[in-house]
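Undergrad:
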Amino acid sequence: MKIVFLGLTAVFCLNANLIFAQKKPNVIVIYTDDQATLDVNILGAKDLVTPHMDKLMLSGTTFTQFYASPVCSPSRASLLTGKTPQRAGVPGNAGQDLSSKSGLPPSEFTMAEMFKENGYNTYLIGKWHLGYQPEKRPNQQGFDYSFGHLVGCIDNYSHFYYWGGDNNYVGGPNRHDLYRNNEEIFLDGQYF
Numbered sequence: 118m119k120i121v122f123l124g125l126t127a128v129f130c131l132n133a134n135l136i137f138a139q140k141k142p143n144v145i146v147i148y149t150d151d152q153a154t155l156d157v158n159i160l161g162a163k164d165l166v167t168p169h170m171d172k173l174m175l176s177g178t179t180f181t182q183f184y185a186s187p188v189c190s191p192s193r194a195s196l197l198t199g200k201t202p203q204r205a206g207v208p209g210n211a212g213q214d215l216s217s218k219s220g221l222p223p224s225e226f227t228m229a230e231m232f233k234e235n236g237y238n239t240y241l242i243g244k245w246h247l248g249y250q251p252e253k254r255p256n257q258q259g260f261d262y263s264f265g266h267l268v269g270c271i272d273n274y275s276h277f278y279y280w281g282g283d284n285n286y287v288g289g290p291n292r293h294d295l296y297r298n299n300e301e302i303f304l305d306g307q308y309f
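In case it helps, my numbering puts the sequence shown at residues 118 to 309.
Here it is in structure tokens:
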């Protein structure tokens with residue numbers, strides 16, 4: 118009888134571990150450009166109304182002591198790698214076209230890759246701005262699915278990259294930039 122009891126206990130513990138292992142928490146990271154610390158009501162904004170952001174902050178984990186760079190690519194690289202921008206290989210904004218070699222090096226281990234190794238599905242929606250070359254795009258840096266723009270700034274209605282008026286970038290400043298999983302897509306006239 119003791120052997121059967123121990124065997125059932127072992128099976129129960131094994132099943133309990135499997136049940137608990139399957140209940141991983143959902144993780145959603147919201148990263149915004151050009152937002153000051155006090156740009157939400159819950160942190161002191163008096164001139165903005167942010168009920169949805171406030172609710173998310175109350176029900177989740179909020180990081181208020183994060184290193185930020187004066188431009189976006191280095192801060193994004195820091196968030197994804199846990200390193201300073203220089204150590205992550207992104208000391209300045211990533212290049213805007215295929216001729217640029219800048220951006221997050223493929224050798225960097227990202228938060229997306231860590232989550233993926235631990236059984237999570239990983240998604241990136243919105244702005245990437247960590248490299249335009251194929252090997253530096255979201256799907257090559259650990260994201261299972263990506264939808265958005267690869268370069269710094271676009272018109273969210275026409276999806277055209279509009280920065281760089283000197284036309285030094287390949288394709289010019291008025292180049293279409295909307296991708297789903299490395300495939301350029303056209304949703305002209307639709308906001309996302």
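Positions of the beta carbon are idealized from the N, C-alpha and C atoms, including for glycine. Note that this is a predicted model, so its numbers are computed, not measured.
1. Nearest CA to the CA of LEU197: which residue from SER186, MET174, GLN258 and PHE303?
2. Would you grab the beta carbon distance between ARG292 and PHE303 for me? Rounded to a whole angstrom, and I think it's under 8 Å.
3. Assuming contact is defined by CB atoms lying nearer than 7 Å, are THR239 and PHE226 in contact in what I supplied?
4. How big is the Cα-Cα spacing for PRO208 and PRO191?
5. Taking DSSP as the reference, what is the three-state secondary structure of ARG292?
6. Starting from GLN263 and walking both ways along the beta strand (DSSP E), at which residues does that stretch end?
7. Using 8 Å as the threshold, is the stretch 176-188 in touch with the stretch 218-233, meaning 3 or more CB pairs across them?
8. Would you tell me roughly how many angstroms separate the C-alpha atoms of PRO251 and THR178, rounded to the nearest one?
9. Would a C-beta distance cut-off of 7 Å place GLY243 and GLY269 closer than the cut-off?
10. Which word fits LEU215, buried or exposed, when buried means at least 16 other C-beta atoms lie within 10 angstroms of its C-beta?
11. Suppose you measure from the CA of ASN273 to the CA of LEU160; what does that come to, to the nearest Å?
12. For the putative contact between SER263 and LEU241, defined by C-beta atoms under 8 Å, what is the C-beta separation to the nearest angstrom?
13. Are the beta-carbon atoms belonging to ALA162 and LEU173 less than 7 Å from one another?
14. To the nearest angstrom, report how far apart ASP164 and TYR308 are at their CA atoms.
TA: On the basis of the coordinates in this document:
1. Your numbering for residue 197 matches position 80 in the sequence shown. Measuring from the Cα of LEU197, the nearest candidate turns out to be GLN258.
2. On the sequence shown, residue 292 is found 175 positions in, with the first residue counted as 1. On the sequence shown, residue 303 is found 186 positions in, with the first residue counted as 1. The pair is not a contact, with the Cβ atoms about 13 Å apart (cut-off 8 Å).
3. Numbered from 1 along the sequence shown, position 122 holds the residue referred to as residue 239. Numbered from 1 along the sequence shown, position 109 holds the residue referred to as residue 226. In this structure, PHE226 does not lie closer than 7 Å to THR239 by Cβ.
4. Start at 1 with the first residue of the sequence shown, and residue 208 comes out as number 91. Start at 1 with the first residue of the sequence shown, and residue 191 comes out as number 74. Just so you know, the alpha carbons of PRO208 and PRO191 end up roughly 6 Å apart.
5. Position 175 of the sequence shown holds residue 292. In this structure, ARG292 counts as strand in the three-state DSSP scheme.
6. In the sequence shown, counting from the first residue as 1, residue 263 sits at position 146. The amino acid at residue 263 is misidentified as Gln; the sequence shows Ser. For SER263, the enclosing beta strand (DSSP E) stretches over residues 262-266.
7. Because the criterion of three Cβ pairs below 8 Å is not met, the stretch 176-188 and the stretch 218-233 do not touch.
8. Position 134 of the sequence shown, counted from the first residue, corresponds to residue 251. Position 61 of the sequence shown, counted from the first residue, corresponds to residue 178. The alpha-carbon atoms of PRO251 and THR178 are separated by roughly 33 Å.
9. Position 126 of the sequence shown, counted from the first residue, corresponds to residue 243. Position 152 of the sequence shown, counted from the first residue, corresponds to residue 269. No, Cβ-Cβ distance for GLY243 and GLY269 is not below 7 Å.
10. Here residue 215 is taken as the residue at index 98 of the sequence shown, counted from 1. Taking all protein chains in view, the Cβ of LEU215 is surrounded by fewer than 16 other Cβ atoms within 10 Å, so the residue is classified as exposed.
11. As a first step, residue 273 must be located in the sequence shown, where it is residue number 156. As a first step, residue 160 must be located in the sequence shown, where it is residue number 43. Distance between the alpha carbons of ASN273 and LEU160: 28 Å.
12. Mapped onto the sequence shown, residue 263 falls at position 146. Mapped onto the sequence shown, residue 241 falls at position 124. Correct: roughly 4 Å between the Cβ atoms.
13. As a first step, residue 162 must be located in the sequence shown, where it is residue number 45. As a first step, residue 173 must be located in the sequence shown, where it is residue number 56. By the CB criterion at 7 Å, ALA162 and LEU173 fall outside the cutoff.
14. Sequence index remark: in the sequence shown, residue 164 carries index 47 (1-based). Sequence index remark: in the sequence shown, residue 308 carries index 191 (1-based). Answer to the nearest angstrom: the Cα atoms are 26 Å apart.
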